[in-house]
Every structure is written in structure tokens, then in C-alpha cells.
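K.L.:
Just dropping this structure here.
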Amino acid sequence: MPISTAKTSDIDVLVIGAGPAGLMACNALAKAGIGVRIVDKRPVKVAAGQADGIMPRTMEVLQSYGLADRFLEQANQLHQVAFYNPNPKTGGIEDIQDETTPYPFEATLNQGAIEELFLDSMKKYGIEVSRPVSPVSIQILRTEKHSADPDAYPVRVVLKHLDALEGHADSEVVHAKYVIGGDGKHTPPESGRLPKFLFQELIHGSESRSISTWKANKQTTFGVLSTG
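Take the sequence shown: its letters are residues 0 to 227, numbered as in numbering that gives the first Met the number 0.
If you want it as C-alpha cells, here you go:
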């Protein structure tokens, strides 16, 4: 059995989930000079994809991070879409061009390749995904000290290393100012998703001075956290 001794660390933002949403958030924070760490329960990134369509406004966001050119080198551009259900308004063909954007088309590229854009960009800032790592519990400290001090780390997250060798610590404690849950809407409860009630407490928690605690065996329905 792995020993229970856990190392501890402080970070401005902890991102849980290294899909497109988590990777984009992590890359944006790193580019802004904010201390950030990202973890994911999967041992490797996805090879192919699930949602592969990228809209013009998303390409504009990629451009703002300097990633649009590489994306377009690999992507397929889609300038028209054929709808096979009868549509009297469009006659079955809909032009999706938009003159208000520098990218007047949709583009398709598999999710694995899109994630690779962010992974390579993050490496420039010395950041890589910690794998396979899953949250076990989370606590939000609501004392006056934590509320008044902008340098405090009020969120305590226990992470479990799923590939820990026998005789080595399999858990660690991370103290963060913010936690972002980007691990998807339908992840099963046992995988360590973060709960809706906790999100509500983070947003409306100014009236509470207790410690809010969540453990991974609780039923959960929400995937995004913010202490702002």
C-alpha cells in the first residue's frame, strides 16, 4: 500500500481536467503570467476527437493566443453546409459566411490536434499536464483572514496520483486561490467531479464562515468552479 504522507504546494489557480476547456483556460492564465497548474485523470491525452467543429469567433480567440495559423494549417475549412431535412427558408443549403470576422467559415480539426496546440503553447511557459491525477476532496476556508487577504489560498484540494508506486505517496495537498473544474458535464461521480452545491457556495458564500467540504463519493452535477 502507498504511504499516506502527502506533499503540499501553493498555486494561484488549479485547473482540473485537461480537455479543450481546461487547456484553453490554463494556457490563457499562463500567458497572463498567473501561476497555474493543470491535472487530469487520464494517463494520456485523447488521440482523436469528439467535438471537432470550430466556429469563427473561436478562431478569433485562437488568433489572440497566436495559435490560429497553426490551427488553419491542419484544419479543413467548411464554407457551406448541406441540411438533409427539408428547410423551406434556406432550400437545404445554408451559407455560413460572416463578413464581420477574418475567418468567414467553420473549420474542423480533431480534438486531439486541437489539444496539442494548447499543450505545445503551455510548454513555452514550463507547464505540462500532471497525469493521471484526480481530486479526492476539496475544502473552502471562509475565515475572515482568508476573506480579507488577497494573498491567501482559501481552497484546499487533495489530489490522488492514480499511478503511484507501492511504497510511494499517492496523494498531495494543493492550496489554491482559485479552482477551475473543466472535466466535463457528464463525468460519473466516482471519478472525482466537483459539485454544483459547492459552486453555489463559492458564489454566494460571503454569509458563511464555516469550512465547506466535498469528497469524491458525493453525487455531482456541475463542472465549473470559480471563487470570483
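Think of the CB as a built atom: it goes at the ideal place given N, C-alpha and C, for glycine as much as any other residue.
Once DSSP output is grouped into helix, strand and coil, what is the label at residue 127?
P.N.:
Three-state DSSP puts residue 127 in coil, outside helix and strand.
K.L.:
Whole angstroms is fine: what's the gap from residue 155's alpha carbon to residue 129's?
P.N.:
Between residue 155 and residue 129, the C-alpha separation is close to 18 Å.
K.L.:
With residue 26 as the anchor, note down where its alpha helix (DSSP H) starts and where it stops.
P.N.:
19-30 is the extent of the alpha helix (DSSP H) around residue 26.
K.L.:
Helix, strand or coil for residue 145 per DSSP?
P.N.:
Helix.
K.L.:
Is it right to say residue 56 is buried, meaning 16 or more other beta carbons lie within 10 angstroms of its own, or is it exposed?
P.N.:
Exposed: under 16 other Cβ atoms inside 10 Å.
K.L.:
When burial is assigned at 16 or more other CB atoms within 10 Å of the CB, is residue 160 buried or exposed?
P.N.:
Under this definition residue 160 is a buried residue.
K.L.:
For residue 157, which of helix, strand or coil comes out of DSSP?
P.N.:
Residue 157 falls in the strand class under three-state DSSP.
K.L.:
State the CB to CB distance for the pair residue 9 and residue 174, rounded to an integer number of angstroms; the pair is presumed to be in contact (CB under 8 Å).
P.N.:
At roughly 5 Å, the Cβ-Cβ gap stays under 8 Å, so residue 9 and residue 174 are in contact.
K.L.:
Looking only at C-alpha atoms, which of 123, 28, 99 and 53 sits nearest to residue 107?
P.N.:
Selected option, being the one with the closest Cα: 53.
K.L.:
In terms of alpha-carbon separation, which member of 113, 26, 144 and 180 lies closest to residue 69?
P.N.:
If we check each option's Cα against that of residue 69, 113 comes out closest.
K.L.:
For the region 35-120, list the beta strand (DSSP E) runs that are entirely contained and at least 3 residues long, ordered along the chain.
P.N.:
DSSP runs (the beta strand (DSSP E)) wholly in the region 35-120: 35-38, 75-77, 79-81, 92-94 and 105-107.
K.L.:
Once you ignore the five residues that flank residue 46 on each side, which residues in its own chain have a CB closer than 7 Å to its CB?
P.N.:
So the qualifying residues of the chain are 111.
K.L.:
Alpha carbon to alpha carbon, what distance is there between residue 158 and residue 109?
P.N.:
So the two alpha carbons sit approximately 30 Å from each other.
K.L.:
Quick one: using the 10 Å Cβ neighbour count with 16 as the cut-off for buried, is residue 171 buried or exposed?
P.N.:
Residue 171 comes out buried.
K.L.:
What are the boundary residues of the beta strand (DSSP E) that residue 13 is part of?
P.N.:
That run of the beta strand (DSSP E) goes 6-15.
K.L.:
State the Cα-Cα distance for the pair residue 48 and residue 18, rounded to the nearest angstrom.
P.N.:
Rounded to the nearest angstrom, the two C-alpha atoms are 10 Å apart.
K.L.:
Using the beta-carbon count (16 or more within 10 Å), is residue 14 buried or exposed?
P.N.:
Per the 10 Å Cβ criterion, buried.
K.L.:
Can the beta-carbon of residue 66 be found closer than 7 Å to that of residue 116?
P.N.:
Going by C-beta atoms, residue 66 is nearer than 7 Å to residue 116.
K.L.:
Are there 16 or more other CB atoms within 10 angstroms of the CB of residue 120, so buried, or fewer, so exposed?
P.N.:
Answer is buried; the Cβ neighbour count reaches 16.
K.L.:
By alpha-carbon positions, which one of 169, 144 and 123 ends up nearest to residue 133?
P.N.:
Answer by Cα proximity: 169.
K.L.:
Measuring only the C-alpha atoms, how far is residue 74 from residue 127?
P.N.:
Straight-line Cα distance between these residues: approximately 24 Å.
K.L.:
Which residues in the same chain as residue 51 place their Cβ atom closer than 7 Å to its Cβ, once the five residues preceding and following it in sequence are excluded?
P.N.:
Contacts found: 107, 108, 109 and 110.
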